[in-house]
Amino acid sequence: FYSNYLHAISEGLAGNTQLSGVTGDPVADGTSLLLIGGGCAGNGALSPSRIQPMGSAVGLYEYSQGGFGAIRYEGGCRVIYFSCALEAACGMVNTTHYVNVLERILEYFGEPIQPVHQWTAAGIPTSVMLHQNYPNPFNPETTIAFDLKSTGHVSLNIYNTIGQIVATLVNRTMSPGRHTVSFNGSSLPSGIYLYRIQADGTTAERKMMLVK
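The sequence shown: position 37 = 48 (our numbering), numbered continuously.
This is the structure we're talking about:
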């Protein structure tokens with residue numbers, strides 16, 4: 012699996028948490044990673060590994076002490092593999108936040124994404140963002156995540172397709188950062204529902220499907 016599908020060869024532990032994107036690469040060019048946490052995951056120092064690309068695969072991110080921590084393959088399919096904890100790249104010390112790397116990866120895969128959502132070095136979003144619920148469709152519970160750029164009043168309501176509020180999930184002051192709330196639709200019929208957030212002068216809305 013490691014060689015046939017991930018197109019990589021393991022070279023052992025890296026002992027390093029700093030990586031630079033390969034110059035000219037469509038995904039990694041101009042980016043750098045520092046896997047020390049600080050507002051997101053703190054597991055960056057747990058066994059980051061060095062790998063080498065096999066065949067037509069190429070290096071994506073290289074450790075400061077040599078060896079790759081991510082590779083990219085393009086053949087009958089497209090594969091990107093990280094042998095380190097990308098989720099620990101929190102944008103500290105003027106490096107790249109993992110969210111922005113994921114957006115580049117999705118663009119490389121040809122997946123539609125929302126406008127680029129930047130994060131500060133302290134791991135604070137620079138805009139209000141409402142994410143797609145997961146799972147979707149759902150029965151009867153799902154989770155909704157949203158990002159806030161500043162402290163303020165937040166409302167998050169669930170609506171049916173004729174505009175009636177069927178549930179209020181948030182109606183209070185909240186701090187900046189990423190938040191998640193759960194929604195249980197066991198008392199509602201199957202169908203399409205809308206969830207809408209209002210925060211910091213921004214209104215955002217998404218659809219979700221309850222299937223029983």
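Quick reminder that beta carbons are idealized off the backbone N, C-alpha and C, glycines included. Nothing here was measured: the structure is a model prediction, and the numbers come from that model.
Classify residue i as buried or exposed, calling it buried when 16 or more other Cβ atoms lie within 10 Å of its own Cβ.
| i | result |
| --- | --- |
| Asp158 | buried |
| Pro187 | buried |
| Pro136 | buried |
| Ser94 | buried |
| His121 | The amino acid at residue 121 is misidentified as His; the sequence shows Gly. Exposed. |
| His225 | Outside the shown range of the chain (12 to 223) lies residue 225, about which nothing can therefore be said. |
| Thr34 | exposed |
| Tyr145 | exposed |
| Lys218 | exposed |
| Lys160 | buried |
| Thr106 | buried |
| Gln29 | buried |
| Ile116 | buried |
Among all the DSSP beta bridges, which residues are the ones paired with residue i?
| i | result |
| --- | --- |
| Leu141 | Phe157 |
| Tyr204 | Met219 |
| Ser31 | Ser43 and Glu73 |
| Ser166 | Asn182 and Gln209 |
| Ala81 | Tyr72 and Phe93 |
| Ser21 | Ile62 |
| Gly195 | As written in the sequence, residue 195 is Asn, which differs from the Gly given in the question. Looking at the DSSP assignment, Asn195 forms a beta bridge with Glu152. |
| Arg115 | DSSP, once it has assigned bridges, lists no residue as partnering Arg115. |
| Thr214 | Gln209 |
| Ile176 | Tyr170 |
| Cys101 | His108 |
| Gly188 | Leu159 |
Out of the options, state which residue places its alpha-carbon closest to the alpha-carbon of residue i.
| i | options | result |
| --- | --- | --- |
| Arg183 | Ser197, Arg83, Asn168 and Val177 | Asn168 |
| Glu216 | Ser197, Ser166, Gly202 and Lys223 | Ser166 |
| Gly66 | Gly55, Tyr84 and Gly80 | Tyr84 |
| Leu44 | Tyr74, Val69, Gly35 and Asp36 | Tyr74 |
| Asn147 | Ile173, Tyr72, Val38 and Ser201 | Ser201 |
| Phe149 | Ile116, Leu221, Ala52 and Ala19 | Leu221 |
| Val192 | Leu199, Val181, Ser198 and Glu118 | Val181 |
| Ile82 | Ser197, Gly70 and Gln29 | Gly70 |
| Val177 | Tyr206, Leu141, Val110 and Met140 | Tyr206 |
| Glu98 | Ala156, His108, Asn195 and Arg115 | His108 |
| Ala100 | Tyr72, Leu24 and Gly174 | Tyr72 |
| Gly80 | Gly23, Asn54 and Leu117 | Gly23 |
| Arg210 | Thr154, Asp36 and Met185 | With the sequence shown as reference, residue 210 is identified as Ala, and Arg is not the correct amino acid for it. It is Met185 whose Cα lies nearest to the Cα of Ala210. |
| Thr154 | Asn54, Ile208, Phe194 and Gln29 | Phe194 |
| Cys88 | Arg115, Tyr119, His190 and Gln175 | Tyr119 |
Rounded to whole angstroms, how far is the Cβ of residue i from the Cβ of residue j, which I believe are closer than 8 Å?
| i | j | result |
| --- | --- | --- |
| Asn27 | Gln76 | 5 Å |
| Ser21 | Ser60 | 6 Å |
| Thr42 | Val104 | Going by Cβ atoms, the distance from Thr42 to Val104 rounds to 13 Å, so no, they are not a contact pair. |
| Ala96 | Ala39 | That pair is no contact at about 16 Å. |
Assess, as a yes-or-no matter, whether the region 13–22 is touched by the region 48–55 under the definition of 3 or more beta carbon pairs within less than 8 Å.
no
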